[in-house]
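First up is the structure itself, then whatever we jot down about it.
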Amino acid sequence: MGRIAALIKPHDLIYMLNQVGPTASHRNREAELDRRETARILVAGSGPAGLIAALRFADAGFPVTLVGPEANGQDGRTTALMNPALKILERLGVLDAVRSQAAPLKVMRIVDATSRLIRSPVVIFRASEIGEEQFGLNLPNSALNPALASVVAAHSGIEWRKAMVETWRLDGDHAHAILSDGSEITASLAVAADGRLSPAREAAGISTSARSYPQAALVLNFGHRSDHAFTSTEFHTETGPFTQVPLPGNRSSLVWVVEPETAKELAALDDAVLSMRVEQRMQSMLGRVSVEPGRQIYQLSGVTPRCFARNRVALVGEAAHVFPPIGAQGLNLGIRDIDDLTGIACKNRADPGAVKALAAYDFKRRPDILARSNAVNLLNRSLLSQMLPAQMARSAGLGVLGGFAPLRAFFMREGLRPGSGFAALAGGLRKQIRR
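Just so you know, we're using the numbering used here here: the sequence shown kicks off at 2 and counts up by one.
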């Protein structure tokens with residue numbers, strides 16, 4: 002036996018062991034090697050985008066440090082998440098915890114409620130037209146935020162430092178964050194999910210194009226007598242959109258965009274008077290209305306960064322795009338930011354904050370972000386414009402959209418999944434050619 006062993010070369014022995022299968026110590030060495038070869042990710046911000054980013058990177062095998070305070074469980078707003086975003090929440094183990102508090106969005110309707118000479122026809126989008134059961138779900142933030150925080154807290158791959166970043170120091174190899182508790186975090190990549198004012202974005206030297214609007218959004222929830230039939234209606238008014246989105250039961254959420262002073266006046270009304278004003282603005286579409294406690298006002302603005310990644314920092318969520326609340330784009334766009342950034346980081350595990358990785362992310366996100374931001378801003382400006390040509394263009398565009406089913410289907414598919422509308426058109430053309 003000893004003579005046989007002596008004839009076996011060391012490299013042959015290693016090969017034979019690998020063929021039999023890895024031992025526990027071998028697997029441990031591989032895991033340790035993986036950890037050494039996978040760079041740390043720092044996520045700044047503990048809003049929904051930051052929590053989702055931390056989970057997505059941790060599930061992809063990266064060691065993650067999340068920096069930010071406890072998640073806000075008192076946010077009275079709701080978030081309409083489309084089906085692709087819901088699939089990501091499901092993979093992260095979050096969706097089941099909030100599904101019972103959400104309402105499906107099966108129909109979306111645009112109604113011109115202006116008193117102008119030229120008005121647009123009603124446009125109705127049905128998920129069934131493109132083979133979907135629903136466009137997505139409307140989720141209360143008071144349920145979504147705690148559910149995300151609970152999964153983050155339980156994840157072994159995430160270290161949650163419940164402090165604030167006081168100072169950023171960015172060099173060629175790492176991003177360094179000095180926290181309010183005096184400690185320092187070093188990472189290959191800093192994910193800026195720290196909101197529209199984003200200190201991380203500023204530290205990275207990324208300039209922005211910012212604009213303010215003479216508008217504010219009054220946000221509240223209300224009950225109503227009639228069934229909403231899982232239909233969301235966006236009334237277009239001279240001051241901006243008035244958007245009703247279904248909640249479970251005979252309840253809905255509301256985002257009412259008006260002039261800032263008007264928003265304050267509405268918020269100061271007693272429940273009975275405000276309920277009547279909401280019902281009147283909705284043309285009694287859902288019968289008698291009863292507003293619920295909790296009213297919030299948000300000033301509208303727009304922010305577009307000159308680039309979306311630089312100096313070890315990648316922007317996601319409102320750090321990457323801010324625009325008016327039209328068309329349920331906000332967090333859905335932010336989740337696509339996170340998904341694309343994670344995918345690129347997985348191809349650059351040793352250094353996801355390297356120049357080539359950040360350039361790839363900027364290149365990938367730019368068309369989607371600019372297209373959505375420009376479309377929303379253009380539509381919002383057309384509502385505010387008193388110029389007849391702008392009103393005519395908006396009316397004509399919505400008229401064509403409402404009357405031409407293939408175009409409507411294209412926009413619905415693009416609204417859910419960028420590129421899917423073009424893919425469906427190409428598939429239709431191929432079928433026609435075969436015939």
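Cβ atoms here follow ideal geometry from the backbone N, Cα and C, with glycine treated the same way. Fair warning: this is a prediction, and the values are worked out from it, not measured in the lab.
By Cβ distance below 8 angstroms, which residues in the same chain neighbour residue i in space, the five residues on each side in sequence not counted?
i: Ser-302; result: Arg-197, Ala-211, Arg-212, Ser-213, Tyr-214 and Val-323
i: Ala-7; result: A caution first: Ala-7 carries a pLDDT of 44, below 50, which makes its placement in the model too unreliable to give a value.
i: Val-108; result: Ile-125, Phe-126, Arg-127, Ala-128, Ala-230, Phe-231, Thr-232 and Ser-233
i: Ser-143; result: Gly-74, Gln-75, Asp-76 and Gly-77
i: Arg-57; result: Ile-89, Leu-93, Ile-339, Asp-340 and Thr-343
i: Arg-409; result: Val-124, Phe-126, Glu-130, Leu-402 and Gly-403
i: Leu-371; result: Thr-305
i: Arg-110; result: Val-123, Val-124, Ile-125, Phe-126, Thr-232, Ser-233, Thr-234 and Glu-235
i: Asp-135; result: As written in the sequence, residue 135 is Gln, which differs from the Asp given in the question. Around Gln-135: Asn-84, Pro-105, Leu-106, Lys-107, Ala-128 and Phe-231.
With a CB to CB cut of under 6 angstroms and the five nearest residues on each side skipped, what residues in its chain are close to residue i?
i: Gln-300; result: Ala-217
i: Ser-181; result: Ala-164, Met-165 and Glu-167
i: Val-259; result: Thr-240
i: Ala-50; result: Ala-194, Val-317, Gly-318 and Gly-335
i: Thr-187; result: His-175 and His-177
i: Ala-264; result: Ala-217, Leu-219 and Ile-298
i: Ala-98; result: Ala-148
i: Pro-261; result: Ala-217
i: Phe-243; result: Phe-236, Trp-257 and Arg-282
i: Leu-399; result: Ser-121 and Val-124
Classify residue i as buried or exposed, calling it buried when 16 or more other Cβ atoms lie within 10 Å of its own Cβ.
i: Arg-36; result: Residue placement at Arg-36 is poorly supported in this model, since its pLDDT is 43, which falls under 50; the coordinates still yield a value, given next. By the 10 Å Cβ count, Arg-36 comes out exposed.
i: Arg-418; result: exposed
i: Pro-368; result: exposed
i: Val-65; result: buried
i: Gln-330; result: buried
i: Asp-113; result: buried
i: Arg-226; result: exposed
i: Gly-46; result: buried
i: Glu-280; result: buried
i: Ala-406; result: exposed
i: Gly-250; result: exposed
i: Pro-325; result: buried
i: Ser-157; result: exposed
i: Pro-294; result: exposed
i: Gly-48; result: buried
i: Gly-416; result: buried
i: Gly-69; result: buried
i: Ser-116; result: exposed
Output the boundary residues of the beta strand (DSSP E) element that contains residue i.
i: Met-109; result: 108 to 113
i: Thr-209; result: 209 to 225
i: Arg-350; result: Unbroken run through Arg-350: none, as it is neither H nor E.
i: Pro-247; result: 241 to 248
i: Ile-42; result: 42 to 45
i: Ala-188; result: 185 to 188
i: Phe-126; result: 124 to 127
i: Ala-197; result: Checking the sequence, you will find Arg at residue 197 rather than Ala. Here Arg-197 belongs to no beta strand (DSSP E), and DSSP marks it neither H nor E.
i: Ala-178; result: 176 to 180
i: Glu-167; result: 166 to 171
Tell me the residue span of the alpha helix (DSSP H) that contains residue i.
i: Leu-90; result: 84 to 92
i: Thr-146; result: Checking the sequence shown, residue 146 turns out to be Asn, not Thr. Note, Asn-146: alpha helix (DSSP H), 142 to 155.
i: Val-304; result: From DSSP, Val-304 is part of no alpha helix (DSSP H) but of the beta strand (DSSP E) over 297 to 306.
i: Leu-270; result: Neither: Leu-270 is in no alpha helix (DSSP H) and is coded neither H nor E.
i: Ala-204; result: 200 to 204
i: Glu-134; result: Note, Glu-134: premise wrong, no alpha helix (DSSP H); not H, not E.
i: Pro-407; result: 406 to 417
i: Arg-100; result: That residue, Arg-100, is in no alpha helix (DSSP H); it is neither H nor E in DSSP.
i: Arg-57; result: 49 to 60
If I measure Cβ to Cβ from residue i and keep anything under 7 angstroms in the same chain, skipping five residues before and after, which residues do I get?
i: Ser-254; result: Thr-79, Asn-139, Asn-222, Val-246 and Leu-248
i: Ala-268; result: Leu-219, Arg-296 and Ile-298
i: Asn-312; result: Leu-171, Ala-205 and Gly-206
i: Leu-380; result: Ile-327
i: Ala-310; result: Leu-316, Leu-359, Tyr-362 and Asp-363
i: Trp-161; result: Leu-67, Val-153 and Ala-154
i: Ile-159; result: Ala-55, Ala-59, Val-65, Leu-67 and Val-153
i: Val-292; result: Leu-221, Phe-223, Asp-272, Leu-275, Ser-276 and Val-279
i: Asn-19; result: Its pLDDT being 43, under 50, Asn-19 is placed unreliably in this model, and the value from its coordinates should be taken loosely. Closer than 7 angstroms at the Cβ level, and outside the excluded window around Asn-19, lies no residue.
i: Ser-101; result: none
So residue i packs on residue j, CB below 8 angstroms; how close in whole Å?
i: Ala-54; j: Val-220; result: Ala-54 to Val-220, Cβ: 24 angstroms. No contact.
i: Arg-282; j: Leu-270; result: That belief does not hold up - the Cβ atoms of Arg-282 and Leu-270 are roughly 13 angstroms apart, past 8 angstroms.
i: Thr-209; j: Arg-337; result: Not really, about 20 angstroms apart at Cβ, beyond 8 angstroms.
i: Trp-169; j: Ala-148; result: Their Cβ separation, rounded to whole angstroms, is 30 angstroms, which puts Trp-169 and Ala-148 out of contact at 8 angstroms.
i: Leu-190; j: Ala-40; result: 7 angstroms
i: Leu-106; j: Gly-137; result: 5 angstroms
i: Asn-333; j: Ala-86; result: 5 angstroms
Could you tell me whether the segment 78 to 93 touches the segment 369 to 382, where touching means 3 or more Cβ pairs closer than 8 angstroms? no
Touching or not, the segment 355 to 362 and the segment 72 to 92, by the rule of three or more beta carbon pairs under 8 angstroms? no
How about the segment 281 to 291 and the segment 314 to 321: do they share at least three Cβ pairs that are nearer than 8 angstroms? no
Can you find at least 3 beta carbon pairs, one from the segment 143 to 162 and one from the segment 270 to 285, that sit closer than 8 angstroms? These segments do not touch.
Do the segment 342 to 352 and the segment 360 to 370 touch if we need at least three Cβ pairs shorter than 8 angstroms? yes
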